[in-house]
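In the working numbering, the protein residues as written are 1104 to 1620.
See the structure below:
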């Protein structure tokens, strides 16, 4: 593969895919944060300077910072924690005190052990390396003087901290609703927010900042998964606010590769990856991608790659009331409940739920209006019954095909069973981009009022409990994070695809109306 190895000059600054723009009418303290980063030996990359400039905007009349919250999502290895969050926290403890008096800042990760490890192994050593700019007080009985460049490390269990000058603390906290509860706080950095399954940390910290001038909360993370209940709503809200140009006291920055972009195209990475050409090389990116695809489980490995290095949400979490954002809106689904007789050829779809706990058989075909109807014929526990029932449906319906998702390991385990039950009927193995196309066609078919269903609870429950995961330029139904048995939905999707892609015969013969029962 031939690829440009250096960042094109016109792309020195990669703007976030969704980002709060810089408001030139407000001055900024971004240069102060950048100076702290430089003194820490980690001069800002262009993306870090951009975030600092926006987050550091202040009212020219009062001098107060404009933004009370900074939400940042970015790929791994881009300098999120030590390159941006740590200089921002040190700025709060060393520069801001000269303007506002003593400062207290908090830092937390997915758990206390991780936060202490970061403090002890990364933060304190970095300060020590910069001895000309930050002076460590090593005498156990001494404390820093008035100068905030003097610092001391405290590692007593339960009160680990960095003390800068007289009374400016950078402390680590346990992720809980009691974080920071013992006093007032001026700033808080919540790192690796994708691992938080609730808003306990923010709920504990924010009230302690309510009376402090220029208080700010920084929430940062790479994309998470189905358990990222705390972080994902911030992504949804941030993207919506940016798209609508809404005025907000939260600034939002989303650096990610678009879900439908070609991740094999170097130009895509140059356009969207802000650390590429600075601390990350193109060779590193494609080496990671190649290793993912050579993994014994390439689908799962590529999901991990997309999640961490492309910052894509492969799976999304359960929200609020326990339902996911519906892939087909409830009102659209209800309007498409219009059972009619099948006319012409039909196809049968089969699917097995994860670990073989249940399986489904569905049928799809065009109705008298030419629209595609789908109906679930069977949903039962296990798979012992499947061959007999599938053979019976094939015999009675004479379908043009029996189709299934060949990428589902549970389906692959019963491939022989399906072939035996289908007898002389063609078996359509949908996999890769073809299955992704089937999933998208099912979504579009209902959203664009081209498909109809029979109002069965089996199928409705599967849809309302479903989520999707990214695969290449498309997406798939995700058995792993489903809130209900997905086999009815996947069986219906397979059957619809088989009908939709088949050649349509002239003058279809109407089938037995018993299918309407």
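Glycine included, every Cβ here is placed at the ideal spot set by N, Cα and C.
On a predicted model such as this, the values are computed, not experimentally measured, just so you know.
Looking at the unbroken alpha helix (DSSP H) that takes in residue i, where does it start and where does it end?
{"i": "residue 1129", "result": "From DSSP, residue 1129 is part of no alpha helix (DSSP H); its letter is neither H nor E."}
{"i": "residue 1181", "result": "No alpha helix (DSSP H) contains residue 1181, which DSSP labels as neither H nor E."}
{"i": "residue 1211", "result": "Counting along the chain, residue 1211 falls outside any alpha helix (DSSP H), though it belongs to the beta strand (DSSP E) covering 1207-1211."}
{"i": "residue 1341", "result": "1335-1347"}
{"i": "residue 1479", "result": "No alpha helix (DSSP H) holds residue 1479; the beta strand (DSSP E) holding it covers 1475-1484."}
{"i": "residue 1234", "result": "First-last for residue 1234: undefined, no H or E at that position."}
{"i": "residue 1596", "result": "1590-1603"}
{"i": "residue 1556", "result": "Taken as a continuous stretch (DSSP letters only), residue 1556 belongs to no alpha helix (DSSP H), being part of the beta strand (DSSP E) at 1554-1556."}
{"i": "residue 1118", "result": "No alpha helix (DSSP H) contains residue 1118, which DSSP labels as neither H nor E."}
{"i": "residue 1512", "result": "1512-1515"}
{"i": "residue 1215", "result": "1215-1221"}
{"i": "residue 1156", "result": "1149-1158"}
{"i": "residue 1298", "result": "Per DSSP, residue 1298 belongs to no alpha helix (DSSP H) and is neither H nor E."}
{"i": "residue 1519", "result": "1518-1525"}
{"i": "residue 1189", "result": "1189-1197"}
{"i": "residue 1499", "result": "1489-1500"}
{"i": "residue 1203", "result": "1200-1203"}
With which residues is residue i paired in a DSSP beta bridge?
{"i": "residue 1454", "result": "1463"}
{"i": "residue 1532", "result": "1507"}
{"i": "residue 1429", "result": "The partner list for residue 1429 (beta bridge, DSSP) is empty, contrary to what the question assumes."}
{"i": "residue 1304", "result": "Beta-bridge pairing links residue 1304 to no other residue."}
{"i": "residue 1286", "result": "Note: residue 1286 sits in no beta bridge, so no partner."}
{"i": "residue 1061", "result": "Past the edges of the chain, shown from 1104 to 1620, lies residue 1061, and the structure says nothing about it."}
{"i": "residue 1271", "result": "1267"}
{"i": "residue 1449", "result": "1468"}
{"i": "residue 1383", "result": "1379"}
{"i": "residue 1440", "result": "1556"}
{"i": "residue 1174", "result": "1322 and 1355"}
{"i": "residue 1565", "result": "Residue 1565 pairs with nothing; no bridge assigned."}
Alpha carbons only, please: which of the options is nearest the one belonging to residue i?
{"i": "residue 1374", "options": "1386, 1359, 1363 and 1382", "result": "1359"}
{"i": "residue 1228", "options": "1323, 1143, 1592 and 1508", "result": "1143"}
{"i": "residue 1135", "options": "1362, 1408, 1198 and 1166", "result": "1198"}
{"i": "residue 1243", "options": "1221, 1226, 1266 and 1430", "result": "1266"}
{"i": "residue 1595", "options": "1376, 1507 and 1262", "result": "1507"}
{"i": "residue 1573", "options": "1597, 1539, 1550 and 1558", "result": "1539"}
{"i": "residue 1487", "options": "1461, 1587, 1156 and 1431", "result": "1461"}
{"i": "residue 1222", "options": "1416, 1204 and 1273", "result": "1273"}
{"i": "residue 1276", "options": "1269, 1270, 1292 and 1268", "result": "1292"}
{"i": "residue 1232", "options": "1458, 1141 and 1271", "result": "1141"}
{"i": "residue 1328", "options": "1470, 1407 and 1117", "result": "1407"}
{"i": "residue 1621", "options": "1355, 1469 and 1330", "result": "Because the chain is modelled from 1104 through 1620, residue 1621 falls outside the range shown and cannot be assessed."}
{"i": "residue 1203", "options": "1263, 1181 and 1270", "result": "1270"}
{"i": "residue 1393", "options": "1437, 1366 and 1212", "result": "1366"}
{"i": "residue 1483", "options": "1184, 1475 and 1459", "result": "1459"}
{"i": "residue 1413", "options": "1361, 1438, 1160 and 1434", "result": "1361"}
{"i": "residue 1566", "options": "1479, 1155, 1306 and 1116", "result": "1479"}
{"i": "residue 1527", "options": "1376, 1505 and 1146", "result": "1505"}
{"i": "residue 1604", "options": "1318, 1343 and 1537", "result": "1537"}
{"i": "residue 1444", "options": "1585, 1555, 1319 and 1583", "result": "1555"}
{"i": "residue 1368", "options": "1585, 1576 and 1586", "result": "1576"}
{"i": "residue 1342", "options": "1122, 1418 and 1509", "result": "1122"}
{"i": "residue 1532", "options": "1398, 1311 and 1597", "result": "1597"}
{"i": "residue 1516", "options": "1347, 1457, 1165 and 1395", "result": "1457"}
{"i": "residue 1194", "options": "1220, 1182 and 1159", "result": "1159"}
{"i": "residue 1288", "options": "1307, 1302 and 1300", "result": "1307"}
{"i": "residue 1510", "options": "1547, 1146 and 1582", "result": "1582"}
{"i": "residue 1138", "options": "1164, 1397, 1548 and 1236", "result": "1236"}
{"i": "residue 1147", "options": "1304, 1172 and 1184", "result": "1184"}
{"i": "residue 1498", "options": "1524, 1441, 1473 and 1132", "result": "1524"}
{"i": "residue 1249", "options": "1302, 1315 and 1201", "result": "1201"}
{"i": "residue 1485", "options": "1420, 1431 and 1514", "result": "1514"}
{"i": "residue 1473", "options": "1251, 1439, 1481 and 1447", "result": "1447"}
So the beta strand (DSSP E) residue i belongs to, where does it begin and stop?
{"i": "residue 1255", "result": "1253-1257"}
{"i": "residue 1324", "result": "1319-1324"}
{"i": "residue 1579", "result": "1577-1580"}
{"i": "residue 1353", "result": "1353-1357"}
{"i": "residue 1571", "result": "1571-1574"}
Please confirm whether residue i has its beta-carbon closer than 7 Å to some beta-carbon of chain B.
{"i": "residue 1117", "result": "The displayed structure is made up of one protein chain only, and chain B is not part of it."}
**Prompt:** Can we say the region 1283-1297 touches the region 1249-1264, given the rule of at least three CB pairs closer than 8 Å?
**Reply:** The region 1283-1297 makes no contact with the region 1249-1264, as fewer than three CB pairs between them are under 8 Å.
**Message:** So, does the region 1112-1129 touch the region 1183-1203, judging by three or more C-beta pairs under 8 Å?
**Reply:** No: the two stretches stay apart, fewer than three of their Cβ pairs being nearer than 8 Å.
**Asked** In chain order, which continuous runs of the beta strand (DSSP E) of length 3 or greater are located wholly inside the region 1385-1414?
**Response** Along the region 1385-1414, the beta strand (DSSP E) does not occur as any fully enclosed run of 3 or more residues.
**Message:** Would the region 1290-1299 count as touching the region 1318-1337 if we require 3 or more Cβ pairs under 8 Å?
**Reply:** Segments in contact, yes.
**Asked** Is it a yes or a no for the region 1459-1479 touching the region 1555-1572, going by three-plus beta-carbon pairs under 8 Å?
**Response** Contact between the region 1459-1479 and the region 1555-1572 is present, because at least three Cβ pairs lie under 8 Å.
**Request:** Report yes or no: do three or more beta-carbon pairs, one from the region 1482-1492 and one from the region 1542-1550, lie closer than 8 Å?
**Result:** Touching, no, given that fewer than three Cβ pairs across the two stretches are closer than 8 Å.
**Prompt:** Do the region 1382-1391 and the region 1196-1211 make contact, defined as three or more Cβ pairs closer than 8 Å?
**Reply:** Proximity of the region 1382-1391 to the region 1196-1211 falls short of the contact definition, fewer than three beta-carbon pairs being nearer than 8 Å.
**Message:** Quick test of the definition: if touching needs 3 or more C-beta pairs under 8 Å, does the region 1311-1325 touch the region 1170-1182?
**Reply:** The answer is yes - the region 1170-1182 touches the region 1311-1325, with three or more Cβ pairs under 8 Å.
**Asked** Would you call the region 1580-1592 and the region 1450-1458 in contact, with 3 or more CB pairs under 8 Å?
**Response** Judged by Cβ distances under 8 Å, the region 1580-1592 makes contact with the region 1450-1458, as three or more pairs qualify.
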